[in-house]
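Trainee: Numbered by the working numbering, the letters in the sequence shown go through residues 907 to 1016 in order. The structure that follows is given in the form of structure tokens.
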Amino acid sequence: MIQANSQVTRLDHRLADTLMAKKQLEEELAALKGISSASPGTEDTVSPAGLIGRSKYNEMACELEEMRDLATNRLGELERLQRQHEDKVAECARLSMQGSPIVFSPNSVM
907 MIQANSQVTR
917 LDHRLADTLM
927 AKKQLEEELA
937 ALKGISSASP
947 GTEDTVSPAG
957 LIGRSKYNEM
967 ACELEEMRDL
977 ATNRLGELER
987 LQRQHEDKVA
997 ECARLSMQGS
1007 PIVFSPNSVM
């Protein structure tokens, strides 16, 4: 159970880091959108800065999508581990009420 708690904590920290990175990328993306849409009449004449901005925008959009997928996957993993943890806590409480000694098998520990 201690190992499950540490894994939940570790995944929680990874999720928080990913969400912070996602927020930062979204802010940068919003800033780039503000810059790229500033002059709508200059679409025919593309400057090198416009090409760099557009490629950077596409790169950041891809990174943002990857971060969203990672955050979703990690959140699902955290929810699964939380359910497992709650089940183990309930099982421990049930066993302690029965007066049975708690025996852990190596297969039940993550």
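For each residue, glycine too, the CB sits at the ideal point set by N, CA and C. These numbers come from a predicted model, not from an experiment.
Can you tell me whether residue 959 is helix, strand or coil according to DSSP?
Mentor: What you label residue 959 is simply residue 53 of the sequence shown in a count that begins at 1. Note: residue 959 maps to helix in three-state DSSP.
Trainee: Is the region 984-992 touching the region 923-934 in the sense that three or more CB pairs, one from each, lie closer than 8 Å?
Mentor: By the Cβ criterion, the region 923-934 is not in contact with the region 984-992, since fewer than three pairs of Cβ atoms, one from each stretch, lie closer than 8 Å.
Trainee: Can you tell me whether residue 924 is buried or exposed, with buried defined as 16 or more other CB within 10 angstroms of its CB?
Mentor: As a working note, residue 924 is residue 18 in the sequence shown. Classification for residue 924: buried.
Trainee: Would you mind working out which of 907, 938, 973 sits nearest residue 960, comparing C-alpha positions?
Mentor: As a first step, residue 960 is located in the sequence shown; it is residue number 54 there, counting from the start. Ranking 907, 938, 973 by Cα distance to residue 960 puts 938 first.
Trainee: Quick one: using the 10 Å Cβ neighbour count with 16 as the cut-off for buried, is residue 1003 buried or exposed?
Mentor: Here residue 1003 refers to the residue found at position 97 when the sequence shown is read from its first residue. When all chains shown are included, residue 1003 counts as exposed.
Trainee: On a Cα-Cα basis, can you pick out the residue from 915, 934, 914, 918 that is closest to residue 969?
Mentor: Here residue 969 refers to the residue found at position 63 when the sequence shown is read from its first residue. Per the Cα distances, 934.
Trainee: Mind checking whether residue 1001 and residue 921 have CB atoms under 9 Å apart?
Mentor: Locating residue 1001 in the sequence shown gives position 95, where the first residue counts as 1. Locating residue 921 in the sequence shown gives position 15, where the first residue counts as 1. For residue 1001 and residue 921, no; Cβs fall outside 9 Å.
Trainee: Taking DSSP as the reference, what is the three-state secondary structure of residue 1005?
Mentor: Taking the first residue of the sequence shown as position 1, residue 1005 is located at position 99. In this structure, residue 1005 counts as coil in the three-state DSSP scheme.
Trainee: Residues in the same chain with beta-carbon distance under 8 Å from residue 973, minus the five sequence neighbours each way, listed in chain order, please.
Mentor: Translated into the one-based positions of the sequence shown, residue 973 becomes position 67. 924, 927, 928, 931.
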